[in-house]
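Here is the structure we will look at, set down as structure tokens.
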Amino acid sequence: MNHAALLARFSVAIVIAFAIPAGARAQAANSNTITGKCLDANGKPCTAAQVRDLGHGIATGRRMYQPLAMVKSVEPGGADGALKCVQNDGSPCTAEQYEAINKIAAQQKCSINYNSSKSNSGNVRATDKQATSKTAK
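Going left to right, the sequence shown walks through residues 20 to 156 as the numbering used here numbers them.
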């Protein structure tokens, strides 16, 4: 094998070695995305007004729930009840923040279903019975 062919193979190997970790990092960043949906007591998507009330509840709830301190905004993300939850630094909300938001939603007779592709927990939904027992304590 001549010197040029050996150098070409070595160059390709280096490019592949650096390209794969970059792609893996991008995939890992996307897999951490958590999506949420707001549902009313009847299981129907929350209205824009209910999401706005949820935002006000989050602002008030920051004193009670530490994870809410970094939540910048919660907005409707679609007609199906999808939520757009953003932290102060512009990144999506975490599972811990969605859990705290769900506690606020339960007080308003709503629930937040969220799914993290990073966790095995699946969707979490507060029922009226759970919300009553948590707020009664």
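From the three backbone atoms N, C-alpha and C, an ideal C-beta is built for every residue, glycine too.
What is the DSSP secondary structure of Asn79, reduced to helix, strand or coil?
With the sequence shown as reference, residue 79 is identified as Thr, and Asn is not the correct amino acid for it. In this structure, Thr79 counts as helix in the three-state DSSP scheme.
Specify the secondary structure class of Asn132 as computed by DSSP and reduced to three states.
strand
Helix, strand or coil at Lys122 according to DSSP, with G and I counted as helix
helix
Between the Cα of Cys112 and the Cα atoms of Ala98, Lys128 and Val93, which residue gives the shortest distance?
Val93
Any idea what DSSP makes of Ala98, helix, strand or coil?
coil
On the three-pair Cβ rule with 8 Å, is the segment 111 to 130 touching the segment 80 to 90?
yes
Can you find the residues in the same chain that come closer than 6 Å, C-beta to C-beta, to Ala119, ignoring five residues on each side of it along the sequence?
Tyr84, Pro86 and Leu87
Who are the near neighbours of Ala101 in its chain, counting only those whose CB is closer than 6 Å to its CB and skipping five residues on each side?
Lys56
Taking all protein chains shown into account, decide if Asn61 is buried (16 or more other Cβ within 10 angstroms of its Cβ) or exposed.
exposed
By how many angstroms is the C-alpha of Ile123 removed from the C-alpha of Thr79?
9 Å
If you draw a straight line from the C-alpha of Ile131 to the C-alpha of Tyr117, how long is it?
7 Å
Relative to the alpha-carbon of Lys128, which residue among Thr54, Pro95, Leu73 and Gly97 has its alpha-carbon at the smallest distance?
Leu73
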